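In our numbering, the protein residues as written are 1305 to 1399.
All residues carry an ideal CB built from backbone N, CA and C; glycine is no exception.
Since we're looking at a predicted model, the values are computed, not measured.
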Ligand SMILES: [Zn+2]
């Protein structure tokens, strides 16, 4: 089942991004609090990278969830693909 595997891989990637993002953000913030020197850019960069990683992961989750939503025909209740303009069962126009 290659379809299921690709979805699993996507989720594995997102989970990895979330964990790495949270870890980078946490470590960076901890470093800034512990050593409050304005020249300590490494922690600021870590916080930025962590935030970007988290943001990307959240966007990917939103995209995945949107893709999963199935449309149904308002007339006969038939499952409709995203690209369909007319219902494959009763030919009702999809708005
Ligand atoms: Zn229909």
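From residue i to residue j, what does the alpha carbon distance come to, in whole angstroms?
i, j, result
"residue 1316", "residue 1334", "27 angstroms"
"residue 1391", "residue 1374", "13 angstroms"
"residue 1339", "residue 1399", "57 angstroms"
"residue 1322", "residue 1347", "18 angstroms"
"residue 1305", "residue 1377", "Because residue 1305 carries a pLDDT of 45, less than 50, the predicted location of this residue cannot be relied on, and no value is offered for it."
"residue 1396", "residue 1349", "54 angstroms"
Taking all protein chains shown into account, decide if residue i is buried (16 or more other Cβ within 10 angstroms of its Cβ) or exposed.
i, result
"residue 1384", "buried"
"residue 1319", "exposed"
"residue 1380", "exposed"
"residue 1361", "buried"
"residue 1345", "exposed"
Which residues in the same chain have their Cβ closer than 8 angstroms to the Cβ of residue i, if we skip the five residues on either side of it in sequence?
i, result
"residue 1330", "1354"
"residue 1314", "1364, 1368"
"residue 1351", "1328, 1329, 1332, 1333, 1336"
Near residue i, which residues of its chain fall below 6 angstroms by C-beta distance, leaving aside the five closest residues on each side in sequence?
i, result
"residue 1386", "none"
"residue 1366", "none"
How about residue i and residue j: are their beta carbons less than 8 angstroms apart?
i, j, result
"residue 1389", "residue 1382", "no"
"residue 1358", "residue 1326", "yes"
Please list, in chain order, all residues of the same chain as residue i whose beta carbon is under 7 angstroms from its beta carbon, the five residues on each side excluded.
i, result
"residue 1324", "1357"
Is the Cβ of residue i closer than 8 angstroms to any Cβ of chain C?
i, result
"residue 1337", "Looking at the structure shown, chain C is missing, and only one protein chain is on hand."
Residues near ligand 1, CB to any non-hydrogen atom under 6 angstroms, in chain order? 1377, 1379, 1380, 1382, 1391, 1393, 1394, 1396
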